[in-house]
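Residue numbers (our numbering), protein chains in the order written: chain A, 502 to 612; chain B, 277 to 393.
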Amino acid sequence: EDQVTQSPEALRLQEGESSSLNCSYTVSGLRGLFWYRQDPGKGPEFLFTLYSAGEEKEKERLKATLTKKESFLHITAPKPEDSATYLCAVQAPGGYQKVTFGTGTKLQVIP
Amino acid sequence: NAGVTQTPKFQVLKTGQSMTLQCAQDMNHNSMYWYRQDPGMGLRLIYYSASEGTTDKGEVPNGYNVSRLNKREFSLRLESAAPSQTSVYFCASTPGTSGLFSNQPQHFGDGTRLSIL
Chain A
502 EDQVTQSPEA LRLQEGESSS LNCSYTVSGL RGLFWYRQDP GKGPEFLFTL
552 YSAGEEKEKE RLKATLTKKE SFLHITAPKP EDSATYLCAV QAPGGYQKVT
602 FGTGTKLQVI P
Chain B
277 NAGVTQTPKF QVLKTGQSMT LQCAQDMNHN SMYWYRQDPG MGLRLIYYSA
327 SEGTTDKGEV PNGYNVSRLN KREFSLRLES AAPSQTSVYF CASTPGTSGL
377 FSNQPQHFGD GTRLSIL
C-alpha cells in the first residue's frame, strides 16, 4: 500500500529562520511527487512536481528536492505570508494512477 | 480566470437528507475528481472521471454518486446523508488523457464545507 508521511505536523518559525519540511514515501514505481500549499478555507495550490531522484525545483523562497525515499521542501528566510499548510502527494502507476496525499505540515511564520 | 468553481461553499444537512455538490472548471480539462478532507487524514479520492462520459470509483465511494454532466461539470451527490460524511469536499481537475491521470498536478476548487447533523 502506498504511504506518505509528512513531518513535522506543525512548525513555528521566526521570520528569516530557514528550515525544511519532510515528506517520506513508499510507493512502487513513482510517477511523480507533488507539493501543494493550502491556505485556511482554500483548496490546495500547486507548487512543484518532481519526477526522479536528484531533481530539484525552486520558486521564490521555496526549494523542493527528491530522493528515492523522501522529499524535502526547504524554506529560506521565510516571511509571514509563507504561513500555510504544505501538502505532499505521490502518484504511482495503477488502474487509475492513484495519487496518495500526506496529512500536511502546518507552518506558522512569526514576524 | 476562475479555474475550478464549487458550489455551495457551506451546507448543513440533517441525517437522511440528500444534496448535490456542484463543480465546474473552465480550463478545458479532460479529467475531474472529487476528494474529501478530514482532520488528521490526507485528501481521499471519492470518485473520478478520466474523460467526459466516464466515471469510476476511488478510495472511498460508498454513500456517494457522481455525474459527469459535460466536459466542464462534475457533480457529487449524497443520496442519504450520514454524520460520517461531515467533511470538506474538494473538486479538482487535470488536463489528463482518456483513462489516465497522467503525471500532471491537479487544480483544486476552494471546497464545500458540509456538516451533517
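For every residue, glycine included, the Cβ atom is placed at its ideal position computed from N, Cα and C.
Problem - Within chain A, partners of B:M317 - CB distance below 8 angstroms - result: Going along chain A in sequence order, the residues near B:M317 (Cβ under 8 angstroms) are T604.
Handout entry: Sheet register partners of A:T606 (DSSP bridge)
Key = A:Y587.
Handout entry: Identity of the residue in A:A565, A:L608, A:S529 and A:A590 nearest A:L582 by Cα
Key = At residue 582 of chain A the sequence reads Glu, which differs from the Leu that was named. Among A:A565, A:L608, A:S529 and A:A590, the Cα nearest to that of A:E582 is on A:L608.
Exercise for the section: Could you tell me the distance, in whole angstroms, from the CA atom of A:G530 to the CA atom of A:T568? Expected result: A:G530 and A:T568: Cα-Cα distance of roughly 13 angstroms.
Exercise for the section: Report the option in A:L588, A:A565, A:L548 and A:K580 whose CA atom is closest to the CA atom of A:I611. Expected result: Ranking A:L588, A:A565, A:L548 and A:K580 by Cα distance to A:I611 puts A:K580 first.
Problem - First and last residue of the uninterrupted beta strand (DSSP E) at B:H305 - result: No beta strand (DSSP E) contains B:H305, which DSSP labels as neither H nor E.
Exercise for the section: Output the boundary residues of the beta strand (DSSP E) element that contains B:G316. Expected result: The continuous stretches of beta strand (DSSP E) do not include B:G316, and DSSP gives it neither H nor E.
Practice task
List the residues of chain B that A:V543 touches, going by C-beta distances under 7 angstroms, in chain order.
Solution key: Before going on, a small fix: residue 543 of chain A reads as Lys here, not Val. Within chain B, the residues whose beta carbon sits less than 7 angstroms from that of A:K543 are D386, listed in sequence order.
Exercise for the section: State the Cα-Cα distance for the pair A:G605 and B:R312, rounded to the nearest angstrom. Expected result: When rounded, the distance between both Cα atoms is 15 angstroms.
Problem - Cβ neighbours of A:S520 in the same chain (closer than 7 angstroms, five flanking residues each side left out) - result: Excluding sequence positions up to five before and after A:S520, its CB lies within less than 7 angstroms of the CB of L512, L514 and I576, all in the same chain and listed in chain order.
Handout entry: Below-8 angstroms beta-carbon distance, A:T586 vs any chain B residue
Key = It does not: the Cβ of A:T586 has no partner Cβ on chain B nearer than 8 angstroms.
Handout entry: Rounded C-alpha distance that separates B:G316 from B:Y340
Key = Near 22 angstroms, if we compare the C-alpha coordinates of B:Y340 and B:G316.
Exercise for the section: Ignore the nearest five residues each way along the sequence and tell me which others in A:G555's own chain have a CB closer than 6 angstroms to its CB. Expected result: There are no such residues.
Exercise for the section: From the DSSP output, read off the bridge partner residues of B:N338. Expected result: Note: B:N338 sits in no beta bridge, so no partner.
Exercise for the section: Taking 8 angstroms as the cut-off, decide whether the C-beta atoms of A:T601 and B:G387 are in contact. Expected result: The answer is no: Cβ separation not under 8 angstroms.
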